[in-house]
Structure formats: structure tokens, C-alpha cells
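Okay, structure first, notes after.
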Amino acid sequence: MKKIDIRTVNVTQYLQPLREGGSLPAIVKADDGFLYVLKFRGAGQGKKALISEFIGGELARAMGLKVPELVFMNLDDSFSKTEPDEEIQDLLKFSVGLNLGLHYLSSAITYDPLVSKVDAFTASKVVILDSLISNIDRTAKNTNLLNWKDELWVIDNGASFYFHHNWQTWENHLTRTFPLIKDHVLLAKATVLEEASSAVKKLITKDVIAEIISKIPEDWLINEGDFLNPTEIRAAYNTFLNAKLAMIDELVKEAENAR
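To convert, note that position 203 of the sequence shown is 203 in the UniProt record's numbering; the numbers rise steadily by one, no gaps.
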């Protein structure tokens, strides 16, 4: 099994906020010379959105989908001191430490279901991914997909794993299907779901899941008021994803019926 190697870089320049995102991500430059879209730990859903983004992105990559490189990004306290916008100033202040960056795809355009093209196999894999991770935010209203160099790229998985906002009831989600798949932007084009699920079963194994979850920074797993400790939280993500993998035929059937 291929080991996941996530680089850690330092933010050297805050360039501009992306105001179309509810959590106010930003384009930043890092000390490796590249531009990234920075997702902040101090934003609305906090570190849990970064965990969703990270697991969802690396699972998508393991499935053979196109995903911008994900990196851990250190942000120091110097940026908030020179930022004139109070909202952004607060965001920068509360995000000092380790954040998540996605490699910035220059000139990429947002996927438009009316004009953008995607093949049935790719569409089917994205639908299966979002069923497995309970992603409620890949709809026509907010596609969270990009077209870059004539290919579909998966971004923004931060609204997944919504069970982790209440650890006291997370086990209730283990046997649930995902009826909200009916609103998925790619559902109409996902016409080879069974073929895609056969591929996913070979690519996503217990070892792959465990490897991804092992790379979540310990610091992201510590939140005030959490019912579980970091070791228990890692185990919960593992248990959840393996439960969904075991239900993949049921999830595919649900998506087929919705389509």
C-alpha cells in the first residue's frame, strides 16, 4: 500500500480572501514558492472542517479522482497584526498554528452542470465518495468541483462527516444510508455506479483508511467540549468509514434509485 506523505509548509504571504466561501478561505503563498487556498482552523466549523477536508480529499485521491495537493500550513501571529479588515484579522488570530492548504489551480473554473463535461465513470466515483463520507455539500447550488485543463477536480469536502459535531451520538450514524444523495450535482451523469463501486472496493481498503486517518494532526483532534479523546476519535473515523465501505452496495442502490 502506498504511504501518504503530506508536506508541511509555512505561510509567507496572505494575498486575498475568497469571499464566495462561507468560511472565508484565502489565497496565500508558502515558503516553497507555491500558491495555496488556505482553509483556516479559526473559521466557523473549526478544525473539524479541516479533518473532513483532509479525509475526503485523500480518499478521493486514493479512488483515482483528481484532487489538488493537500498540505499542512503553519500560520504565525504576524499576519493578523498587519491586516486592516477586522473580520479577517480575527480569523488570522484564531488560526495561528497548523491549518490546511490546497494547491491553487490557477485559471480553474467552477464546475457548471449545464455546460461542463464529465465522464460517467468519474461522476459515479464522486457520487460514491460523497455517499461514503456523508457529504451534504456537492449540489447544483454549490458544486465544490472545478474544471482545470479539461479535467474534473474534487475540492471542498468540509461539510462531510457531520456526525463528528456531536460525539455522544456518532454511533447512531453507522448503519444509516445517505438519502441526501438525491441532491448531488453529478447524480444524473453517474450512470455506471456499479462499475465504479467495483473499482472503489479494490482501491479503498481498511489499510488505506487507517493510513489516511493516521495522518490527521493530533492537534486537530483536541476540541473543547469533545466527548472523546484523540485516540478514540481516530478509532471512530476508522469505524465509520469501514462501516460505510461494508454498506457500499446499499449506498449504490440508494443512489441508483434516486437517479
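Just so it is clear, CB atoms sit at the ideal spot from N, CA and C, and this is done for glycine as well.
Rounded to a whole number of angstroms, what is the C-alpha to C-alpha distance between residue i and residue j?
| i | j | result |
| --- | --- | --- |
| leucine 174 | lysine 81 | 44 Å |
| asparagine 238 | aspartate 156 | 21 Å |
| glutamate 194 | asparagine 242 | 19 Å |
| phenylalanine 240 | arginine 176 | 10 Å |
| valine 96 | alanine 235 | 27 Å |
| serine 23 | asparagine 10 | 21 Å |
| aspartate 207 | lysine 3 | 10 Å |
| phenylalanine 163 | aspartate 77 | 32 Å |
| lysine 29 | arginine 19 | 18 Å |
| alanine 199 | phenylalanine 161 | 23 Å |
| alanine 119 | proline 25 | Per the sequence shown, the amino acid found at residue 119 is aspartate instead of alanine. When rounded, the distance between both Cα atoms is 29 Å. |
| alanine 196 | glycine 42 | 36 Å |
| alanine 210 | aspartate 183 | 30 Å |
| glutamine 45 | glutamate 53 | 11 Å |
| leucine 98 | valine 192 | 39 Å |
| aspartate 85 | serine 107 | 26 Å |
| threonine 169 | lysine 201 | 28 Å |
Compare the C-alpha of residue i against each of the options and name the closest.
| i | options | result |
| --- | --- | --- |
| residue 260 | Thr191, Pro217, Val118 and Trp167 | Missing from the structure shown is residue 260; the chain here goes from 1 to 259 and no further. |
| phenylalanine 178 | Pro113, Asp137 and Lys149 | Asp137 |
| residue 334 | Lys182, Ile133, Leu100 and Leu114 | With the chain covering only 1 through 259, there is no way to say anything about residue 334. |
| glutamate 87 | Glu211, Pro17, Ser197 and Asn10 | Pro17 |
| lysine 117 | Lys29, Ile27, Leu105 and Asp150 | Asp150 |
| glycine 56 | Gly42, Lys215, Val28 and Ala196 | Lys215 |
| leucine 75 | Ile6, Asp183 and Thr12 | Thr12 |
| histidine 165 | Tyr104, Val192 and Leu228 | Leu228 |
| leucine 105 | Thr169, Lys201, Asn135 and Ile27 | Ile27 |
Enumerate in chain order the residues of its own chain whose CB-to-CB distance from residue i is below 8 Å, with the five nearest sequence positions on each side excluded.
| i | result |
| --- | --- |
| glutamate 83 | Tyr14, Gln89 and Leu92 |
| isoleucine 181 | Val127, Asp130, Ser131, Leu187, Leu251, Glu254, Ala255 and Ala258 |
Sorted by chain position, which residues of the same chain lie with C-beta nearer than 7 Å to residue i's C-beta, five sequence neighbours on each side aside?
| i | result |
| --- | --- |
| alanine 140 | Pro113 and Val185 |
| isoleucine 204 | Leu59, Ala62, Met63 and Leu245 |
| tyrosine 111 | Thr143, Leu145, Leu146, Asn147 and Leu152 |
| leucine 102 | Tyr36, Val37, Pro68, Leu70 and Ile155 |
| leucine 100 | Lys39, Leu50, Glu53, Phe54, Leu70, Phe72 and Met73 |
| asparagine 135 | Gly56, Asn157, Ala159 and Ser160 |
| isoleucine 6 | Leu70, Val71, Phe72 and Lys215 |
| phenylalanine 94 | Gly42 |
For residue i, collect the residues of the same chain with a Cβ closer than 6 Å to its Cβ; drop the 5 residues on either side in sequence, then sort them by chain order.
| i | result |
| --- | --- |
| tryptophan 153 | Lys66 and Leu146 |
| isoleucine 233 | Leu221 |
| threonine 8 | Phe72 |
| isoleucine 213 | Arg234, Tyr237 and Asn238 |
| threonine 231 | none |
I want to check one thing, is the minimum distance from the CB of residue i to the heavy atoms of the ligand NAD below 7 Å?
| i | result |
| --- | --- |
| threonine 177 | Absent from the structure shown: the ligand NAD. Ligands present: none. |
Would you call residue i buried or exposed, if buried means 16 or more other Cβ atoms sit within 10 Å of its Cβ?
| i | result |
| --- | --- |
| asparagine 257 | exposed |
| lysine 48 | buried |
| glutamate 224 | exposed |
| glycine 33 | exposed |
| isoleucine 109 | exposed |
| valine 115 | exposed |
| glutamate 171 | exposed |
Between the segment 119 to 129 and the segment 185 to 192, do three or more beta carbon pairs fall short of 8 Å?
yes
Within the chosen definition, does the segment 214 to 223 reach the segment 138 to 150 through at least 3 CB pairs nearer than 8 Å?
no
Does the pairing of the segment 245 to 254 with the segment 69 to 81 give three or more beta-carbon distances under 8 Å?
no
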